[in-house]
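Notes for the one structure printed next.
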Amino acid sequence: MRRAAYFWRPRPLIEVPIDLLNQVLDSEVAWVGTCNELNAAYAADGYARIRGIGAVCTTYGVGELSALNGVAGAFAERVPVVVITGSPATSTLVTRPLLHHTLGDPRIPMDMYERVTVASALLLSGDTAPAEIDRVLSACIAAQQPVYLSLPSDVVRMPCARPGAFEFPTSAPSDPGALAEAVEEAVTLLESALLPIIIGDVELVRLKLQGEFAELLDKTGFPYVTMMLGKTLLDEQHPQFIGLFEGDRSQPAVSARVAAAEVVLQLGAWMTDFNTGGFTTHLDDARTIRANGRSVHIGHHRYDDVALRDLIIGLTARLHHRMRKTLDIASAVDCGVHRPDPAFRLNPRQPLTIQRFFDRVSAFLQPGAIVLAETGVSLFSAAETLMPEGATFIGQTFYGSIGYTVGATLGAALAAPHRPVVLFVGDGSFQVTGQELSTMLRHRVEPVIFVLNNDGYTIERVIVDRSYNDLQPWRYHELPAVYGGEPGFDVHTEGELEGALEAAADAGRLVFVEVHTERMDCPEALRRAGESMAKSNHLDA
Ligand SMILES: Cc1ncc(C[n+]2csc(CCOP(=O)(O)OP(=O)(O)O)c2C)c(N)n1
Ligand SMILES: [Mg+2]
């Protein structure tokens, strides 16, 4: 039997994990080198949101710690990302040489990863590696959260047994008694309500329960809303979809319909500040059935060990179908609660405003598109835009690390080469991670990228407008040419936007559009978010 070898087989100090990369190049895995590791982590996250899992591979210390913030985002938002880091030879764990990148103790980065991953392994031998890797991958899939694998340079070429078939983790069954009681109580409440409504959110996406959720909607006929994190949970053209619910910041028709419901069925919602319009949902506990992961709250009752999936299936089996006309359903697609506005008329010489830009561009989004929107004016505007059939919306709405969407666009575009990909990103966010444009050009992915240039951090200016929200004004549209592509469009007016959209329609290449708007121009929901944040920071005096 082979054994971990670091005691009796010292290795030269210079042994670093380059050979791991050689093995990747020689494998079936496509290598995509990014400009920096933070963007690689964001790309792995974007890829995982489309394909179900993503991986990022870095060097030790400097590399893995650069990726840490991106992995933290995946941990917070529950995205399964596998971090693979090539580490120094196992002997250094004992001899602790002052090897570059190690901080003097090669275990420090692994300790730092402990808090933002659900499993990790330092692979010490070929004998144990297959089982260790499977254990870690299994945890990644089960929790839908990141994991960490460290592969020392001397272990890379160690022979190992051919891994057996991977066993996908199965979820623990619900407690049958608790499930039956929870379903019973929920059914009684929902059947008693004249105007029930469902809030469907992010966990339905992360736990892949869209099919079960759609069956519940079909069976009951109930209307539903989503929150920002759950946007495009199902096709937003769905006839029972009422719109985006964000507490007091919702469109009046949406908050009115939620307020009219005597009973609210809340499935997989995360009550974060952005999701709840700054904690203003005003949902009465007594009339809300709250189900998350493995627990259900109804009024003051709590049922543990009830899986969200089983609850949805149980409710679908028991609830009766209602006629649409009895449920007061004004679907988002019919009643125009969100853009696109069919009455939009172009005003070619008019300088662009945020509202007019999104009004126009919403009609440009194609069925099946992947639409990414960065924290800031972009997110708040795109959230209020009805997505076309089959579209997937991506934002880092909970963790909110600016620049995320640039890396995520690379990952999403690589994950879905045949789907249109559209990114909306603010100038401030673009300055954090924008160089990944270079990798997009290198790998010939073809997103349409709108950089919203409003001369700084507008989302921060609506809280307090001080000079720390100013930026060096870049000529953003020139950057694609700097990176070896075609120059972008520089758009100030509605007419110029029209020209850019025409060119983007069948460009067959990456299209970059710099869009200029006034510095304080932003959607109403963002203005109100700013006011409430100013208040909670005592800046409103
Ligand atoms: C990595 C990171 N640093 C700082 C922040 C704080 N922050 C939130 S939004 C923002 C400014 C975003 O500016 P921009 O992208 O131009 O947004 P917009 O003007 O469209 O609102 C900053 C600095 C953050 N969210 N993430
Ligand atoms: Mg800005």
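Be aware that the sequence shown starts at 1037, since it is given in the working numbering, and climbs by one per residue.
The C-beta atom is built at its ideal place from N, Cα and C for all residues, glycine as well.
The model shown is predicted, which means the values in this text are computed figures rather than measured ones.
Segment limits, alpha helix (DSSP H) that includes residue i
i        : result
Val-1223 : 1212 to 1228
Gly-1566 : 1560 to 1572
Ser-1123 : Run containing Ser-1123: none in the alpha helix (DSSP H); it sits in the beta strand (DSSP E), 1117 to 1123.
Leu-1243 : Looking at the DSSP string, Leu-1243 is not in any alpha helix (DSSP H), and its letter there is neither H nor E.
Val-1468 : 1463 to 1469
Pro-1516 : 1515 to 1518
DSSP three-state assignment for residue i, whether helix, strand or coil
i        : result
Ala-1327 : strand
His-1337 : strand
Glu-1550 : strand
Thr-1389 : coil
Gly-1350 : helix
Arg-1455 : coil
Ala-1297 : coil
Arg-1085 : helix
Val-1527 : strand
Val-1060 : helix
Leu-1575 : coil
Leu-1104 : helix
Gly-1313 : coil
Ala-1091 : strand
Val-1332 : strand
Gly-1236 : strand
Phe-1380 : coil
Thr-1428 : strand
Ala-1040 : For Ala-1040, the predicted structure reports a pLDDT of 33, less than 50, and the residue's modelled location is therefore unreliable. A value from the coordinates is still provided. Coil.
Phe-1460 : strand
Arg-1045 : Unreliable positioning characterises Arg-1045 in this predicted model, as indicated by a pLDDT of 36, which lies under 50. The coordinate reading is nonetheless provided below. DSSP places Arg-1045 in coil when its eight states are reduced to three.
Asp-1284 : strand
Arg-1396 : helix
Arg-1358 : coil
Cβ-based burial, residue i [other Cβ within 10 Å; buried from 16]
i        : result
Lys-1361 : exposed
Glu-1425 : exposed
Gly-1279 : buried
Ile-1235 : buried
Glu-1227 : exposed
Ile-1499 : buried
Trp-1067 : exposed
Glu-1472 : buried
Ile-1086 : buried
His-1318 : exposed
Cys-1371 : exposed
Ser-1414 : buried
Thr-1131 : exposed
Ile-1334 : buried
Ile-1144 : exposed
Ser-1572 : exposed
Asp-1062 : exposed
C-alpha distance - residue i paired with residue j, whole-angstrom precision
i        : j        : result
Trp-1044 : Glu-1073 : Reliability fails at Trp-1044, whose pLDDT of 34 lies under 50, so the model's placement of it is uncertain and the value that follows must be treated cautiously. In a straight line, the C-alpha of Trp-1044 is about 34 Å away from that of Glu-1073.
Glu-1168 : Glu-1064 : 21 Å
Ser-1186 : Ala-1077 : 16 Å
Ala-1208 : Arg-1358 : 33 Å
Arg-1478 : Ala-1353 : 51 Å
Leu-1450 : Phe-1310 : 29 Å
Phe-1249 : Ser-1398 : 26 Å
Phe-1394 : Asp-1377 : 10 Å
Leu-1408 : Met-1556 : 22 Å
Glu-1282 : Thr-1553 : 25 Å
Leu-1575 : Arg-1502 : 12 Å
Pro-1403 : Ala-1427 : 6 Å
Tyr-1504 : Thr-1494 : 11 Å
Glu-1534 : Gln-1386 : 12 Å
Val-1461 : Asn-1490 : 11 Å
Pro-1182 : Leu-1104 : 11 Å
Asp-1170 : Thr-1475 : 31 Å
Gly-1524 : Pro-1516 : 6 Å
Ala-1405 : Val-1527 : 23 Å
Residue span of the beta strand (DSSP E) that contains residue i, given as start and end
i        : result
Thr-1262 : 1260 to 1262
Val-1369 : Per DSSP, Val-1369 belongs to no beta strand (DSSP E); it is in the alpha helix (DSSP H), 1368 to 1371.
Gln-1302 : 1300 to 1303
Phe-1486 : 1484 to 1489
Ile-1278 : 1277 to 1280
Ile-1499 : Here Ile-1499 belongs to no beta strand (DSSP E), and DSSP marks it neither H nor E.
Thr-1475 : Here Thr-1475 belongs to no beta strand (DSSP E); instead the alpha helix (DSSP H) covers 1473 to 1478.
Ile-1365 : Taken as a continuous stretch (DSSP letters only), Ile-1365 belongs to no beta strand (DSSP E), as it is neither H nor E.
Proximity test, Cβ basis, 9 Å: residue i and chain D
i        : result
Thr-1389 : Chain labels in this structure do not include chain D; a single protein chain is all it has.
Residue i CB to nearest heavy atom of ligand 4 below 8 Å
i        : result
Leu-1160 : Summarising the ligand content, the structure contains ligand 1 and ligand 2 and does not contain ligand 4.
Fill in: Contiguous alpha helix (DSSP H) assignments of at least 4 residues, all confined to the segment 1125 to 1205
1128 to 1131, 1144 to 1149 and 1165 to 1179
Worksheet item: Hey, which unbroken runs of the beta strand (DSSP E) at 3 residues or more fall wholly within the segment 1398 to 1422?
Response: 1406 to 1409
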